[in-house]
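What follows is a short report on a single structure.
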Amino acid sequence: MELDLVLHGGTIYTGDDDQPVVGDVGIAGDRIVFVGQPAQGRRFNPRRTIDVTGRIVAPGFIDAHTHADQDLFADDLKKRLNTPFLTQGVTTAVIGNDGFGGFDIAAQAERARRQPVGTNFAMYVGFGPVRIDQLGEKNAVPTPEQLDAMKKNVARGMCEGALGLSTGLFYSPQNFAKTEEVIELAKVAARHGGIYDSHIRDESIYNIGLKASIDEVIRIGREARLPVHVAHIKALGVDVQGQSGDIIRRIDAERAKGLDITADHYPWTASSTRFSAALIPPWALDGGAKALLQRFDDPSVQQKLRTDTQENLRLRGGPDAILFAAGNPRYVGKTLTQVMQASGQDAVDATIAVLRGGDLLIASFNQSDDDVRAFMKQPWVMTSSDSSPGHPRAVGTFSRKYDQYVVKEKTITLAQFIRSSSALTADTLGLAGRGHLRPGYIADVVVFDPQGYAARATYTQPTLLSTGVQTVLVNGQLAVDDGEPTGVAAGQALLRAPKPGTCPA
Numbered sequence: 001m002e003l004d005l006v007l008h009g010g011t012i013y014t015g016d017d018d019q020p021v022v023g024d025v026g027i028a029g030d031r032i033v034f035v036g037q038p039a040q041g042r043r044f045n046p047r048r049t050i051d052v053t054g055r056i057v058a059p060g061f062i063d064a065h066t067h068a069d070q071d072l073f074a075d076d077l078k079k080r081l082n083t084p085f086l087t088q089g090v091t092t093a094v095i096g097n098d099g100f101g102g103f104d105i106a107a108q109a110e111r112a113r114r115q116p117v118g119t120n121f122a123m124y125v126g127f128g129p130v131r132i133d134q135l136g137e138k139n140a141v142p143t144p145e146q147l148d149a150m151k152k153n154v155a156r157g158m159c160e161g162a163l164g165l166s167t168g169l170f171y172s173p174q175n176f177a178k179t180e181e182v183i184e185l186a187k188v189a190a191r192h193g194g195i196y197d198s199h200i201r202d203e204s205i206y207n208i209g210l211k212a213s214i215d216e217v218i219r220i221g222r223e224a225r226l227p228v229h230v231a232h233i234k235a236l237g238v239d240v241q242g243q244s245g246d247i248i249r250r251i252d253a254e255r256a257k258g259l260d261i262t263a264d265h266y267p268w269t270a271s272s273t274r275f276s277a278a279l280i281p282p283w284a285l286d287g288g289a290k291a292l293l294q295r296f297d298d299p300s301v302q303q304k305l306r307t308d309t310q311e312n313l314r315l316r317g318g319p320d321a322i323l324f325a326a327g328n329p330r331y332v333g334k335t336l337t338q339v340m341q342a343s344g345q346d347a348v349d350a351t352i353a354v355l356r357g358g359d360l361l362i363a364s365f366n367q368s369d370d371d372v373r374a375f376m377k378q379p380w381v382m383t384s385s386d387s388s389p390g391h392p393r394a395v396g397t398f399s400r401k402y403d404q405y406v407v408k409e410k411t412i413t414l415a416q417f418i419r420s421s422s423a424l425t426a427d428t429l430g431l432a433g434r435g436h437l438r439p440g441y442i443a444d445v446v447v448f449d450p451q452g453y454a455a456r457a458t459y460t461q462p463t464l465l466s467t468g469v470q471t472v473l474v475n476g477q478l479a480v481d482d483g484e485p486t487g488v489a490a491g492q493a494l495l496r497a498p499k500p501g502t503c504p505a
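The sequence shown: position 266 = 266 (the UniProt record's numbering), numbered continuously.
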């Protein structure tokens, strides 16, 4: 049998076993033919052999929570190649997270067929577009007719291949929805065999609190009868730091009772979000940006606006903990403290002045290393970047997790890192034939140098690409060869098959 490629002599972690084997991986077309050693008596004639002795060979990494759609759907091929992901060994990006994904799943997949992409991607139906389609950005309860239309849009997305329903209940206008509304839509995803993924309503004490928000996810899973997933799990802000143990025990208890609940995380103490979402209270965001600007000039709400904004800033750790990461170049690279000092304004006035010029993305330093480590260790927590412009997590999450927490700190083992970055994610999301190195599986593979694999990106230089990845295969094609991106756009839209009998023929 002829093979296209043999990766020879590497230390292989299949995603199934914690103990590696030293051997070869044989690939023909887009499939893995053998792992370790060929079956006895079988001979192969490879077109090419790459010596990976001393290197780690693993399933291509799967990023469970990204905003890579901005690049994947760009007209610019260089962006669509998704090189910052490939140079970390990421072969699949999940998009539509935080409830931002459209319900036009087939159209997104078709776009990638017309304009090829560098990595695979899988999609969620986003609660935001589903709700906005019927209610706009208003704080309103849907009528029965509107709720029915929302359900149909979720069903459409599921029938077209979505993983499930994603929500961002912290963000306006999604945060205007009652739990019961979300449950009704989650039931639709459940009927089609999907999962529920959520940026929970509160990761701090902005509204109902971190613990109550975890309880809400659990309730949705129980009542809608589907697996649930907590996006970028964290304890955000000075009032909840240290609560990781309580959250882990709560989730473990529900898992012991039979609820399929998982989470993802990123190995950074700074999150990233819109400046308005971080500091402006939700009531002031009712109606969108235009309504917010009007409230800035409304004397009747000034006291409440100032009080609530100041409290949100306190929760985030103060103005020194807010770094403007992307948007208006006048502010990018500065902290809110520096903006205050330059303008002579207090924190609230400076916040309003910045937002009058448009929203920005920020890096918000709000977590403790101990909480990050605690979540990372859990067998039900997988790796994600929550990739966003201006934050190093977009180009260095997987490489940082390895270098900082496997090599330097030994918080987790190499096997745990690989499993949480590949097999666990594929199995949780139902990405059939991926996430493991097994004969017959798709050849998404990463080879990296155990001494050189590391992140270079920092908060002040967030675009520096990672080092140490030697080879990356996406659907059997070389996307990184001898440490250099090849420019091959071999990615595909990974459409999840809905439950049989739930969609029109």
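Where a beta carbon is used, it is the ideal one built from N, C-alpha and C, also for glycine.
In summary, Q19 is exposed, with fewer than 16 beta-carbon neighbours lying within 10 Å of its beta-carbon over all protein chains present. In this model, Y196 and G99 are separated by some 10 Å (Cα to Cα). Taking C-beta atoms as the reference points, L3 and R47 count as a pair closer than 8 Å.
According to the DSSP assignment, A177 belongs to no alpha helix (DSSP H), since it is labelled neither H nor E. Judged by beta-carbon spacing, A423 lies within the 8 Å limit of D16, meaning their Cβ atoms are closer than that value.
Per DSSP, reduced to three states, the secondary structure at R274 is strand.
Annotation for S420: M382 and T383 place their beta carbon closer than 6 Å to its own, counting only its chain and skipping 5 residues before and after. Residue state for I50 is assigned as strand, using DSSP reduced to three classes.
With contacts defined as CB atoms closer than 8 Å, V25 and G9 fail to qualify as a contacting pair.
For Y196, the beta-bridge partners assigned by DSSP are L165 and V228. By the 16-neighbour rule on beta-carbons within 10 angstroms, A321 is buried.
For S364, the enclosing beta strand (DSSP E) starts and ends at L361 to F365. Note on geometry: alpha-carbon atoms of L360 and L313 lie some 16 Å from one another. Every unbroken stretch of the beta strand (DSSP E) spanning 3 or more residues and falling wholly within the stretch 326-391 is given here in chain order: 361-365 and 381-383. Nearest neighbour of F448 by Cα position, chosen from G168, R42, L163 and V52, turns out to be V52.
Along the stretch 408-438, the alpha helix (DSSP H) occurs as fully enclosed runs of 4 or more residues at 414-421 and 423-429, listed in sequence order. Around the beta carbon of V125, 16 or more other beta carbons sit within 10 angstroms, so the residue counts as buried.
Spanning the alpha carbons of R201 and N139 requires a straight line of approximately 15 Å. Taking the Cα positions, T87 is about 22 Å away from A326. Ranked by Cα distance from I418, the first of K408, H436 and G288 is H436. Taking the Cα of P319 as reference, the smallest distance to any Cα among A278, A457 and G483 is reached at A278. One thing to note: T92 has its Cβ within 8 Å of the Cβ of L431.
By DSSP's assignment, P59 forms a beta bridge with V445.
Judged by DSSP in its simplified three-state form, Q37 adopts coil rather than helix or strand. If you draw a straight line from the Cα of Y459 to the Cα of S466, it is about 14 Å long. Non-local C-beta neighbours of Y331 in its own chain, meaning closer than 7 Å and more than five positions away in sequence, comprise F324, V339, V354 and L360, ordered along the chain. For D481, the enclosing beta strand (DSSP E) covers residues Q477 to D481.
Taking the Cβ atoms as the reference, L165 lies roughly 35 Å from G487, outside the contact range of under 8 Å. Beta-bridge partners assigned by DSSP to L473: V445 and L478.
DSSP places T262 inside the beta strand (DSSP E), whose first and last residues are I261 to H265. Relative to E180, the option among P144, E203, N153 and K499 whose CA is nearest is P144.
In summary, K234 is buried, with 16 or more beta-carbon neighbours lying within 10 Å of its beta-carbon over all protein chains present. Every beta strand (DSSP E) of 3 residues or more that sits fully in the stretch 67-100 is shown, in chain order, as 90-95. Around the C-beta of D71, 16 or more other C-beta atoms lie within 10 Å, and the residue is accordingly described as buried.
Taking all protein chains shown into account, P329 has fewer than 16 neighbouring C-beta atoms within 10 Å of its C-beta and is therefore exposed. Non-local beta-carbon contacts of I214 in its own chain, meaning distances under 8 Å to residues more than five positions away in sequence, involve I200, V230, I247, R250 and I251 in chain order.
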